[in-house]
Ligand code: GRF
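Residue numbers (this note's numbering): 216 to 429.
See below:
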């Protein structure tokens with residue numbers, strides 16, 4: 216069974232969606248640890264409630280970025296983690312971790328990459344006047360939201376949308392495609408060829424993976 220570790224810095228609603236997908240049997244995986252850089256993250260409460268071990272690992276305890284991420288990598292290795300899931304982890308992950316988990320770290324971003332990378336993807340879409348936005352699950356490389364794209368879901372952007380209203384609409388899709396991406400990974404259906412991710416799926420799955428505008 217696939218062994219996951221979730222890295223989160225805040226609210227943890229995506230973490231919760233993954234917990235729920237496992238509980239319902241949709242996802243056959245095990246979460247061995249929540250790792251957070253923020254002792255006040257609400258994600259910690261969620262982990263407690265579900266009996267998931269939490270490790271608070273703060274960068275200030277380390278002399279530099281390399282030693283911080285080497286430490287996280289060694290913790291993850293010692294727990295036999297097969298997939299590292301960044302669910303609202305508000306840092307650009309360092310090389311020391313990426314090189315230990317090549318194409319085994321995924322992130323969710325609240326915009327249709329490569330548009331609107333970085334912070335406040337939803338506000339960027341509203342301010343830009345985009346008519347469609349959405350969310351992206353992608354592998355993590357050393358750039359900011361630049362790794363190979365696994366799944367995206369699109370939502371409309373309305374004239375009267377605010378950052379909050381668009382964020383809510385996008386979040387509903389995040390909670391759908393993040394567990395789906397993990398499921399596909401756990402079933403060995405994801406292959407990375409350079410920048411491209413190929414998903415092995417039946418024709419009937421196409422609408423689940425690429426649904427119409429929601
Ligand atoms: C989400 O919008 C996600 O796309 C972004 O950070 C937010 C995390 O939300 N990376 P939550 O902590 O999962 O509720």
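Note that CB positions come from ideal geometry on N, CA and C, so glycine has one too. Quick caveat: nothing in here was measured; it's all calculated off a predicted structure.
Buried or exposed for residue i, going by 16 or more other Cβ atoms inside 10 Å?
i, result
"residue 241", "exposed"
"residue 325", "buried"
"residue 351", "buried"
"residue 389", "buried"
"residue 238", "exposed"
"residue 360", "buried"
"residue 334", "exposed"
"residue 317", "exposed"
"residue 409", "exposed"
With the cut-off set at 7 Å, would you say residue i and residue j are in Cβ contact?
i, j, result
"residue 261", "residue 304", "no"
"residue 322", "residue 296", "no"
"residue 370", "residue 385", "yes"
"residue 219", "residue 246", "yes"
"residue 381", "residue 337", "yes"
"residue 412", "residue 365", "yes"
"residue 302", "residue 372", "no"
"residue 363", "residue 299", "no"
"residue 265", "residue 234", "yes"
Where do the N-terminal and C-terminal ends of the alpha helix (DSSP H) with residue i fall, by residue?
i, result
"residue 285", "280-293"
"residue 390", "378-401"
"residue 230", "228-238"
In angstroms, rounded to a whole number, what distance separates the CA positions of residue i and residue j?
i, j, result
"residue 414", "residue 396", "10 Å"
"residue 313", "residue 223", "16 Å"
"residue 308", "residue 374", "35 Å"
"residue 275", "residue 357", "21 Å"
"residue 425", "residue 278", "44 Å"
Which residues bound the beta strand (DSSP E) around residue i?
i, result
"residue 368", "364-371"
"residue 411", "411-414"
"residue 349", "347-354"
Within the 7 Å Cβ cut-off, does residue i reach chain D?
i, result
"residue 380", "Annotation note: the requested chain D is absent from the structure, which comprises a single protein chain."
For the structure I just gave you, are there three or more beta carbon pairs, one from the region 270-280 and one from the region 248-256, closer than 8 Å? yes
Hey, is the region 326-345 in contact with the region 391-410, meaning 3+ C-beta pairs nearer than 8 Å? no
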